[in-house]
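Reminder that position 106 of the sequence shown reads as 114 in the working numbering, one-by-one numbering, no gaps. Here the structure comes first, spelled out in structure tokens, and everything after it is commentary.
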Amino acid sequence: GTGSGAMSASNPSDKATATASEPTSSKRPTLEYDLPEGWSVGQGSQFRLATLNIQSSNGPGEVTVSMATDNPQANTMMWYQQVAKESDASKLQPLVAKTIESAETFSVGDKQATLYEIRIDQQNTSPTLLVVSLPTETPQMHLFVKLIGENRLALDQKDKLIQFVQSLKIK
């Protein structure tokens, strides 16, 4: 024998790794982008296409890029639940409706991206999530670019976030 059978038997972690990366590894898109000043490439995870770290005078932040189904109502509710640490959807519904209504759009190539601003209040240090939803070539699947940080960071980095999204290319 070649001895390859013995290896998998003695190493149980092999199986777990294979299962975790199987579904998307072959079709996982790669991203090309321009890195804004003050941003650096961070530690990724299998659910993200990219993770970037921001260091600025307004505190640290993180930008994540992932692919998901576009559903503004459900997604915005989920983001508010994360930021507000509030699970009662009825309390968040007015915020969700207002956020979807006031979302900005901007052009990325021949597509329209939507920018949602998820914040509980206007306090400088309150947690804030800026989320850009960008259509892809796959129907219903959008690229989600999220900036996570304090309110002051979000305000300060919003233009860079838009420039970053406009530089994105999916390969």
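Every residue gets a Cβ at the ideal spot worked out from N, C-alpha and C, and that includes glycine.
Three-state class that DSSP yields for residue i in the structure shown
| i | result |
| --- | --- |
| Asp-106 | One detail in the question is off: residue 106 reads as Lys in this sequence, not Asp. Here Lys-106 sits in helix by DSSP. |
| Asn-61 | strand |
| Arg-127 | strand |
| Gln-120 | strand |
| Ala-162 | helix |
| Pro-80 | helix |
| Phe-55 | coil |
Span separating the alpha-carbon of residue i from that of residue j
| i | j | result |
| --- | --- | --- |
| Asn-79 | Val-140 | 13 Å |
| Trp-47 | Leu-100 | 31 Å |
| Glu-45 | Arg-56 | 21 Å |
Proximity below 8 Å, CB of residue i to CB of residue j
| i | j | result |
| --- | --- | --- |
| Asn-159 | Gln-120 | no |
| Met-75 | Leu-169 | no |
| Val-71 | Val-153 | yes |
| Gly-157 | Thr-136 | yes |
| Ala-105 | Tyr-124 | no |
| Leu-60 | Leu-176 | no |
| Thr-113 | Ile-126 | no |
| Gly-69 | Leu-155 | yes |
| Ser-64 | Leu-163 | no |
| Val-116 | Gln-54 | no |
In DSSP terms, what residue i is bridged to
| i | result |
| --- | --- |
| Lys-177 | Glu-40 |
| Trp-87 | Answer by DSSP bridge pairing: none, since Trp-87 is not bridged. |
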